[in-house]
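In order, the protein sequence lines correspond to chains A and B. In terms of the numbering used here, the first sequence opens at residue 1 and continues consecutively. In terms of the numbering used here, the second sequence opens at residue 112 and continues consecutively.
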Amino acid sequence: SQQGEEDPQALSIQEGENATMNCSYKTSINNLQWYRQNSGRGLVHLILIRSNEREKHSGRLRVTLDTSKKSSSLLITASRAADTASYFCATDRGGGFKTIFGAGTRLFVKA
Amino acid sequence: DTEVTQTPKHLVMGMTNKKSLKCEQHMGHRAMYWYKQKAKKPPELMFVYSYEKLSINESVPSRFSPECPNSSLLNLHLHALQPEDSALYLCASSHYDPGAEQFFGPGTRLTVL
């Protein structure tokens, strides 16, 4: 079963615009992570945010976490065509090695 | 070396065949994972090995048999698969730290005829 839901399922924007993706989850967590996947390839880790953190930045990425609402968002600023990919949130479901991925958001950035 | 390698890249097999998928990492990670991913779906956890011992089996059918011969290698033995088992199979590794960043291999695209 899936831990998280993500919205939107798909997002199409122009280069230079910002992209925001949201993730919700159901159980308590220790960490929440975001991954990117280019079509049919392996996943690449983007950023990890711990349950006691509210916001984290990495380059053009900004992640927020609201544990009271069991939700997180990923903001990509000044998007580029190369950002076109699927983005997944992943949680550890209260600790342990059982990683659950959200349904994912497919981002299309038009040049 | 921060790479996880997987072989083969593509595999086509019949329902009576026996084949194996291989995964290797040299980052000193002591947790290794197998995931199955269908098209346009998220990865689904199949197995987790911790210090070369199977620690999580997500109720995977016995036609999938994992093996961890040493701390760098992870195999997935396949036997009597069904067409619905066709998917991208991803291997990942991480430090032995629950919720740690996972490093993924490029995957094996499996087609069962």
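We put the CB at the ideal spot given by N, CA and C, even for glycine.
Classify Ser-31 of chain A as buried or exposed, calling it buried when 16 or more other Cβ atoms lie within 10 Å of its own Cβ. The residue you call residue 31 of chain A lines up with position 31 of the first sequence. The sequence as given places Asn at residue 31 of chain A; Ser does not occur at that position. By the 10 Å Cβ count, Asn-31 of chain A comes out buried.
What in chain B is Cβ-close to Arg-36 of chain A, meaning under 8 Å? The residue you call residue 36 of chain A lines up with position 36 of the first sequence. The contacting residues do not exist; Arg-36 of chain A stays about 11 Å from chain B at best.
Alpha carbon to alpha carbon, how far is Lys-133 of chain B from Glu-178 of chain B? The sequence position of residue 133 of chain B within the second sequence is 22, counting from 1. The sequence position of residue 178 of chain B within the second sequence is 67, counting from 1. In this structure, the CA atom of Lys-133 of chain B is about 10 Å from the CA atom of Glu-178 of chain B.
For a cutoff of 8 Å on Cβ pairs, would you count Glu-114 of chain B as touching chain A? Translated into the one-based positions of the second sequence, residue 114 of chain B becomes position 3. With 8 Å as the cut-off, Glu-114 of chain B does not count as an interface residue toward chain A.
Are the beta-carbon atoms belonging to Ser-116 of chain A and Cys-23 of chain A less than 8 Å from one another? The question about residue 116 of chain A has no answer here: the residues shown for chain A are numbered 1 through 111.
Is there contact here, the region 5–13 of chain A with the region 86–106 of chain A, by at least three beta-carbon pairs under 8 Å? They touch, by the three-pair rule.
Identify the continuous beta strand (DSSP E) that holds Asp-66 of chain A and give its terminal residues. If you number the first sequence from 1, residue 66 of chain A lands on position 66. Taken as a continuous stretch (DSSP letters only), the beta strand (DSSP E) holding Asp-66 of chain A covers 61–66.
Should Gln-37 of chain A and Ala-81 of chain A be called a contact, given that it needs their Cβ atoms to be closer than 8 Å? Translated into positions along the first sequence, residue 37 of chain A becomes position 37. Translated into positions along the first sequence, residue 81 of chain A becomes position 81. No, these two residues do not count as a Cβ contact at 8 Å.
Measure how close the beta-carbons of Thr-91 of chain A and Leu-156 of chain B come, nearest whole angstrom, since I'm counting them as under 8 Å. Counting from one through the first sequence, the residue named residue 91 of chain A turns up at place 91. Counting from one through the second sequence, the residue named residue 156 of chain B turns up at place 45. A Cβ-Cβ distance of about 12 Å is found for the pair Thr-91 of chain A and Leu-156 of chain B, leaving them out of contact under the 8 Å criterion.
Closer than 7 Å, Cβ to any Cβ of chain A: which residues of the region 148–166 of chain B, in chain order? Taken in chain order, the members of the region 148–166 of chain B whose beta-carbon sits within less than 7 Å of a beta-carbon on chain A are Pro-153, Pro-154, Leu-156, Val-159, Ser-161, Ser-166.
Look at the alpha carbon of Ser-216 of chain B and the alpha carbon of Ser-183 of chain B, and state the distance between them as a whole number of angstroms. For the purposes of this step, residue 216 of chain B is identified with residue 105 of the second sequence, where counting begins at 1. For the purposes of this step, residue 183 of chain B is identified with residue 72 of the second sequence, where counting begins at 1. The question names Ser, but residue 216 of chain B is Gly in the sequence shown. Rounded to whole angstroms, Gly-216 of chain B to Ser-183 of chain B spans 13 Å at the Cα level.
Within 8 Å (strictly less), CB to CB, does Asn-30 of chain A reach chain B? Counted from its first residue, the first sequence places residue 30 of chain A at position 30. Yes, because at least one Cβ of chain B sits closer than 8 Å to the Cβ of Asn-30 of chain A.
So with CB distances below 9 Å, who are the chain B contacts of Lys-98 of chain A? Counting from 1 along the first sequence, the entry for residue 98 of chain A is found at position 98. Chain B residues near Lys-98 of chain A: Leu-156, Val-159, Ile-167, Glu-169, Pro-209.
List, in order along the chain, the chain A residues whose C-beta lies closer than 9 Å to that of Pro-177 of chain B? Looking up residue 177 of chain B in the second sequence gives position 66. The contacting residues do not exist; Pro-177 of chain B stays about 14 Å from chain A at best.
Extent of the continuous beta strand (DSSP E) to which His-86 of chain A belongs: In the first sequence, the residue the question calls residue 86 of chain A occupies position 86. For the record, residue 86 of chain A in the displayed sequence is Ser; it is not His. Segment 85–91, the beta strand (DSSP E) holding Ser-86 of chain A.
With contact counted as at least three CB pairs below 8 Å, one residue from each stretch, are the region 59–67 of chain A and the region 120–136 of chain B in contact? Verdict: no, contact absent.
Closest to Val-115 of chain B by CA distance: which of B:Asn-128, B:Lys-129, B:Phe-158, B:Trp-145 is it? Stepping through the second sequence from its first residue, residue 115 of chain B is reached at position 4. Per the Cα distances, B:Trp-145.
Closer than 8 Å, CB to CB, is Pro-172 of chain B near chain A or not? The residue given as residue 172 of chain B occupies position 61 in the second sequence. It does not; no Cβ of chain A falls within 8 Å.
Check Glu-6 of chain A in the structure and name its three-state DSSP category. Taking the first residue of the first sequence as 1, we reach residue 6 of chain A at position 6. When DSSP states are grouped into helix, strand and coil, Glu-6 of chain A belongs to the strand group.
Ignore the nearest five residues each way along the sequence and tell me which others in Thr-226 of chain B's own chain have a CB closer than 8 Å to its CB. This structure does not reach residue 226 of chain B, given that chain B is present from 112 up to 224, and the question cannot be answered.
Distance, Asp-196 of chain B Cα to Leu-221 of chain B Cα: For this step, residue 221 of chain B is matched to residue 110 along the second sequence. For this step, residue 196 of chain B is matched to residue 85 along the second sequence. Roughly 8 Å separates the two Cα atoms.
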